[in-house]
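Notes follow the structure.
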Amino acid sequence: MEEIRPVRSVIAEPISNASGEVVTGQVAAHQSINLAFRLPGKVVERSVSAGSVVHAGDVLARLDDTVPQQTLRTALAENATAKAALEQAAPLKQRAAALLTVEAISRNDYDDAVRRYKTAQDQVQATQAQVRVAQEQLGYTRLMAPEDGIVTDRLVEAGEVVAAGQPVLRMAADDGLDAQFDMPEALAQSRLAVGMTMKVCLDAAPATCAPAAIYEIAPDTDPLTRTYHTKALLRATRDMMPLGAVVTGRLSVPSTPAVHLPPAALAVQDGKPAVWIVAPDTLRVFLRPVTITRYATDDVVIASGLNAGDRVVTAGVQALYPQEKVSLLDEADVRP
Numbered sequence: 533m534e535e536i537r538p539v540r541s542v543i544a545e546p547i548s549n550a551s552g553e554v555v556t557g558q559v560a561a562h563q564s565i566n567l568a569f570r571l572p573g574k575v576v577e578r579s580v581s582a583g584s585v586v587h588a589g590d591v592l593a594r595l596d597d598t599v600p601q602q603t604l605r606t607a608l609a610e611n612a613t614a615k616a617a618l619e620q621a622a623p624l625k626q627r628a629a630a631l632l633t634v635e636a637i638s639r640n641d642y643d644d645a646v647r648r649y650k651t652a653q654d655q656v657q658a659t660q661a662q663v664r665v666a667q668e669q670l671g672y673t674r675l676m677a678p679e680d681g682i683v684t685d686r687l688v689e690a691g692e693v694v695a696a697g698q699p700v701l702r703m704a705a706d707d708g709l710d711a712q713f714d715m716p717e718a719l720a721q722s723r724l725a726v727g728m729t730m731k732v733c734l735d736a737a738p739a740t741c742a743p744a745a746i747y748e749i750a751p752d753t754d755p756l757t758r759t760y761h762t763k764a765l766l767r768a769t770r771d772m773m774p775l776g777a778v779v780t781g782r783l784s785v786p787s788t789p790a791v792h793l794p795p796a797a798l799a800v801q802d803g804k805p806a807v808w809i810v811a812p813d814t815l816r817v818f819l820r821p822v823t824i825t826r827y828a829t830d831d832v833v834i835a836s837g838l839n840a841g842d843r844v845v846t847a848g849v850q851a852l853y854p855q856e857k858v859s860l861l862d863e864a865d866v867r868p
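Counting in the numbering used here, the sequence shown runs from 533 upward without gaps.
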């Protein structure tokens, strides 16, 4: 005669509620700009530090300009020489034209005068271009703020030699603030979405709060922390929420329907969580894999794998085997 094992069980009842999530993050610049020289060279001056407020056009650092200064002087001298040659060639061309009309010189002599004049013109234009380039190169020895903002980091010191394009300073543009968070994997994958709003408060002054809207969620999880870096645009000023301040973000997110079970209901199938289901018509049990979103001392939260009305064994699961016939000692609805 087949032995019938008595078991305790509950009826699965998925519950869906809006849950309040609280995460910790930091205030950051909405737009961070790396500033670099266009030329290689030795930094001879850095006139700002982290925290300095700057305005568009302010000189923030300078390179040694000895070579660009010499290049500019040479270009100016060559341009002056070319202009002097043009000033000499112009009247000679005019005189040659006058002499040609009275046949006092040959056509070849006139053509030579015109050629010398055009050569002098070309030389003036070429040396003027060299002057412009030299002036630009000299200007590149000064690193200027592209817009209003605040310096957030200095990456080199005076006396260091830098390559062209190597970041020297980092600044936050004066165009808004972000609250940045590392969201838990379960939250980011299932319920977080761009456009969600949240309430952001200073950790050091919880009464100082501002609204924010999520505009960017990292497409991939951080391999070390298993979190998703998330950015929300803050509606706050820097006086209210300074850069680098620690903040807490509170958002209300819809939860997916979930079932709460006692930890004793969990079994294992192929190394993954599972529960024993009692077939209502035969009272025989079978394993079903489930997805767990949260473990707690008194319950576990099952996100998927169970349907409303499933009868789940809650005690003695380690002794069960597939298709074993059971009898029900009691039953209760599963509640959060």
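Don't be surprised by glycine CBs; every beta carbon is placed ideally from N, CA and C. No experiment lies behind these values; they were computed from the predicted model shown.
* When you compare each of 851, 845, 570, 822 to residue 694 by their alpha carbons, which one comes out closest? -> 570
* Mind checking which residues open and close the alpha helix (DSSP H) that includes residue 600? => 598-633
* Asked: From residue 696 to residue 738, what distance separates their C-alpha atoms?
  -> Roughly 45 angstroms separates the two Cα atoms.
* Asked: Apart from the five residues just before and just after residue 859, which ones in its own chain have a Cβ nearer than 6 angstroms to its Cβ?
  -> 536, 538
* Starting from residue 799 and walking both ways along the beta strand (DSSP E), at which residues does that stretch end? -> 798-801
* **Cβ-Cβ distance between residue 767 and residue 744 below 8 angstroms** => yes
* Rounded to the nearest angstrom, how far is the Cβ of residue 590 from that of residue 676, given a contact under 8 angstroms? -> About 6 angstroms; that satisfies the 8 angstroms criterion.
* Asked: Going by beta carbon distance, what residues of the same chain come within less than 6 angstroms of residue 656, once the five residues before and after it are set aside?
  -> 614, 615, 618
* Asked: For residue 566, which of helix, strand or coil comes out of DSSP?
  -> Strand, per DSSP.
* To do: Evaluate residue 681 with the Cβ neighbour count: other Cβ atoms within 10 Å of its Cβ, from every protein chain shown; 16 or more gives buried, anything less gives exposed.
  => buried
* When we look at the beta-carbon of residue 578 and count the other beta-carbons within 10 Å, is it buried (16 or more) or exposed? -> buried
* **Option nearest residue 685 by Cα separation, candidates 653, 582, 606** => For residue 685, the nearest C-alpha among the options comes from 582.
* **Whole-number beta carbon distance between residue 840 and residue 819, since they are thought to touch under 8 angstroms** => Not a contact, Cβ separation roughly 19 angstroms.
* Range of the contiguous alpha helix (DSSP H) that encloses residue 668 -> 639-671
* Is residue 721 helix, strand or coil when you go by DSSP? -> helix
* To do: Quick one: residues in its chain with C-beta nearer than 6 angstroms to the C-beta of residue 847, no 5 flanking neighbours on either side, listed in chain order?
  => 540, 796
* Whole angstroms is fine: what's the gap from residue 817's alpha carbon to residue 542's? => 13 angstroms
* **Segment contact, 8 angstroms Cβ cut-off, at least three pairs: the stretch 700-718 with the stretch 597-612** => no
* Out of 599, 774, 584, 564, which has the shortest C-alpha to C-alpha gap to residue 740? -> When 599, 774, 584, 564 are compared, the shortest CA-CA separation from residue 740 is found for 774.
* the stretch 557-569 / the stretch 637-656 touching (three or more Cβ pairs under 8 angstroms) -> No, because fewer than three Cβ pairs between the stretch 557-569 and the stretch 637-656 fall closer than 8 angstroms, the two stretches do not touch.
* Beta-carbon separation (whole angstroms), residue 733 vs residue 780, contact threshold 8 angstroms -> 5 angstroms
* Pull up the distance between the alpha-carbon of residue 802 and that of residue 794, whole angstroms please. => 21 angstroms
* Specify the secondary structure class of residue 779 as computed by DSSP and reduced to three states. => strand
* Status (buried if at least 16 other CB within 10 Å, exposed otherwise) for residue 586 -> buried
* To do: Could you spell out where the beta strand (DSSP E) holding residue 804 opens and where it closes?
  => 804-810
* **residue 854 in three-state terms, based on DSSP** => It is coil, neither helix nor strand.
* Spatial neighbours of residue 866 within its chain, please: CB distance less than 7 angstroms, with the 5 preceding and 5 following residues excluded, ordered by chain position. => Note on residue 866: pLDDT 40, under 50, position unreliable in the model; no value is reported.
* Asked: Could you check where the beta strand (DSSP E) with residue 824 kicks off and where it finishes?
  -> Residue 824 -> beta strand (DSSP E) spans 823-827.
* To do: For residue 639, collect the residues of the same chain with a Cβ closer than 8 angstroms to its Cβ; drop the 5 residues on either side in sequence, then sort them by chain order.
  => Hits under 8 angstroms: 632.
* Starting from the Cα of residue 672, find the closest Cα among 637, 598, 844, 827 and give me that residue. => 598
* To do: Return the CA-CA distance between residue 826 and residue 755, expressed in angstroms with no decimal places.
  => 20 angstroms
* Asked: Is it true that the CB of residue 748 sits closer than 8 angstroms to the CB of residue 762?
  -> yes
* When burial is assigned at 16 or more other CB atoms within 10 Å of the CB, is residue 861 buried or exposed? -> exposed
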